[in-house]
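Chains A and B supply the protein sequences, listed in that same order. By full-length UniProt numbering, the letter at position 127 of the first sequence is numbered 127, and the numbering carries on one by one without gaps. By full-length UniProt numbering, the letter at position 154 of the second sequence is numbered 154, and the numbering carries on one by one without gaps. Glycine included, each C-beta is placed from N, C-alpha and C at the ideal position. Just so you know, these numbers come straight off a predicted model, no measurement behind them. Notes to accompany the following structure.
2 protein chains.
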Amino acid sequence: MEGASVDNKHKIVVAVDESEESMDALSWCLSNIISHNSTTTLVLLYVKPPPIIYSSLDISAHIFSADVIVAMEKYGADLANKVMQRAEAVFRNFNKNVNVERVIGSGEAQDVICNTVEKLRPDTLVMGSHGYGFLKRALLGSVSENCAKRVKCPVVIVKHPRDE
Amino acid sequence: MEGASVDNKHKIVVAVDESEESMDALSWCLSNIISHNSTTTLVLLYVKPPPIIYSSLDISAHIFSADVIVAMEKYGADLANKVMQRAEAVFRNFNKNVNVERVIGSGEAQDVICNTVEKLRPDTLVMGSHGYGFLKRALLGSVSENCAKRVKCPVVIVKHPRDE
């Protein structure tokens, strides 16, 4: 890896979610690692929670009717669209030469992010430091910590200024 | 942080050590976040182990004579110089508009790195994922993990390709 880079094509995955931090991560990426001289593919990755699966013996079957499940899935899809729209609004503020691709995954955030990185082999993964709940983070470590351990490419972890 | 960046001045701290990974981190930084259009101050930070301090009751006083301690300190200084020279050789391969500063600290790596970041307030901290020994890493987490938790600025963690 030592030596001057001659390849100006870059692929960057930015994990986006509902958090301010993930939009900060996208802004950092657009400000810092996407130059006017390079051709960059920016993959916006949003991870929806896993779909609700239950057996006929599961108590959740008595709690959630099919209508409720459909409504929750629609809510998840709407949220994904809103996050993508917000990300694209951030992106439009920067006048950069970028091809944007949108990927919406479903499942455990860190698994989906790591699997996407393994599949797409980007030059860099960019993400906010938290995401996905305080309690889970306290118990299991943050999604970004776990992704940084698992993926092979350089990882950028961005914190929201309010956490300073 | 959302919105177009108009400030083209950047300060980046790159933590360098004897590892290949830290030189990869420097290369990544020079390839990816230092553009030809910006004015960047690149701070190369090397952390020497803490100096040996012992009391008159300490058994180490009987093991290490003053000569040995002087020799070990000279070895530490030589190592710092070698790492800096290697980092500068990597840097020279990239034809970028960069002001380079050298900072050599002494102490626990993660404390020195975090304190330096707090003092210099860079836009970004870049470092290799390991450094500083397998056993310590297994017990305490890696230096990069701990720094990523503690510092407030965006952190880039770079892995050596051989670890893929």
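- If you draw a straight line from the Cα of A:I104 to the Cα of A:A148, it comes to about 20 Å.
- Not one beta carbon of chain A lies nearer than 9 Å to the beta carbon of B:A15.
- Taken through DSSP and simplified to helix, strand or coil, B:E108 comes out as coil.
- Contacts between A:A148 and chain B, judged by CB atoms closer than 8 Å, involve S129, S144, E145, A148, I157 in chain order.
- Ranked by how close their Cα comes to the Cα of B:Y46, the residues B:A66, B:H160, B:M127 have B:M127 in first place.
- Contact with chain B is absent for A:S19, since none of that chain's Cβ atoms lies less than 9 Å from the residue's Cβ.
- The beta carbon of A:P49 lies closer than 7 Å to those of G76 in the same chain, with the five residues before and after it left out.
- Within chain A, no C-beta atom comes less than 8 Å from the C-beta of B:T41; the nearest is roughly 14 Å away.
- A:V151 sits in coil when the DSSP states are folded into three classes, being neither helix nor strand.
- Among the residues of chain B, none has a CB under 9 Å from the CB of A:P50; the nearest is roughly 27 Å distant.
- For A:I12, the enclosing beta strand (DSSP E) covers residues 9-16.
- For the options A:E18, A:K159, A:P161, A:W28, the alpha carbon positioned closest to that of A:F91 is the one of A:W28.
- For B:P122, no chain A residue has a Cβ inside 9 Å of its Cβ, as the nearest lies near 12 Å away.
- In the displayed model, A:R121 falls within coil according to three-state DSSP, outside both helix and strand.
- Chain-ordered listing is empty here: chain B has no CB closer than 8 Å to the CB of A:N115, the nearest sitting near 15 Å.
- The beta carbons of A:I33 and B:I33 sit closer together than 9 Å.
- Under the DSSP assignment, B:K74 falls outside any beta strand (DSSP E), being part of the alpha helix (DSSP H) whose first and last residues are 66-92.
- Within the same chain, Cβ atoms closer than 6 Å to the Cβ of B:V100 are found at L42, the five residues on either side in sequence being excluded.
- Residue state for B:N99 is assigned as strand, using DSSP reduced to three classes.
- Rounded to the nearest angstrom, the gap between the Cα atoms of B:E118 and A:D78 is 40 Å.
- Contact note: A:N99 does not reach chain B at a C-beta cutoff of 7 Å; the least C-beta distance is about 17 Å.
- Inclusion of A:P154 and B:K152 in the CB contact set at 9 Å is not warranted, their separation being larger than that value.
- The beta carbons of B:A25 and B:I113 sit about 12 Å from each other, so the pair does not count as a contact at 8 Å.
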